[in-house]
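The numbering of the sequence shown is my numbering, which starts it at 197 and goes up by one.
Glycine included, each C-beta is placed from N, C-alpha and C at the ideal position.
If you're wondering where the values come from, they're calculated on a predicted model, not measured in any experiment.
Below is one structure, written out as structure tokens; the observations come after it.
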Amino acid sequence: MPRAVDGTKHKDRRKKILDQAKGYFGRRSTNYRVAKDAVAKAGQYAYRGRKEKKRDFRKLWIARISAAVQAEGLNYSQFMHGLKLANIELNRKALSNMAIEDKAAFSALVSQVKSVLA
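What follows is the structure in structure tokens.
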């Protein structure tokens, strides 16, 4: 049986990689041998990025909460400790959103925390 060199499976496998490399610079987008490495590296970056995104958003929420709480005369750690003592279970995303969109409710929350801490 003759050896298949230009079969559809072979072409499909290469085409899939080159489609993923679309938009890359230079030979990375047109040459299979180079594109294969570029796509593999891009996959590693993407995997790492999905983990980093969670960390980055948490940092952002904490920075927003901290800024809003400092305007009320507390610091972030005291505020979070007060929330725990007051048995208020709100996650950082919700607190951050509240600090931006509903300042009145957030300041009420801060005053409740201050009363628990006092």
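Rounded to the nearest angstrom, what separates residue i and residue j at their Cα positions?
i, j, result
"LYS205", "ALA295", "55 angstroms"
"LYS211", "GLY219", "14 angstroms"
"ALA238", "VAL201", "28 angstroms"
"VAL235", "GLY203", "23 angstroms"
"ARG288", "ARG254", "7 angstroms"
"SER311", "LEU256", "27 angstroms"
"GLY222", "ASP208", "22 angstroms"
"ARG199", "ALA242", "37 angstroms"
"SER303", "ALA267", "10 angstroms"
"LYS247", "GLN240", "11 angstroms"
Please say whether residue j and residue i have beta carbons closer to each other than 8 angstroms?
i, j, result
"ILE284", "TYR272", "no"
Excluding sequence positions up to five away, which residues of its chain have a Cβ less than 6 angstroms from the Cβ of residue i?
i, result
"LEU214", "ALA231"
"ALA314", "none"
"VAL306", "GLU268"
Here's a check: name, in chain order, each residue in its chain whose Cβ is nearer than 8 angstroms to the Cβ of residue i, leaving out the five neighbours to either side.
i, result
"ALA301", "MET294"
"HIS146", "Limits of the chain in this structure are 197 at one end and 314 at the other, which puts residue 146 out of reach."
Could you name the residues of the same chain whose beta carbon sits closer than 7 angstroms to that of residue i, not counting the 5 residues immediately before and after it, in chain order?
i, result
"ALA217", "ARG224, SER225, ALA231, ALA234 and VAL235"
Task: 4 or more residues per run - each alpha helix (DSSP H) lying fully within the segment 223 to 271 - done: 228 to 267
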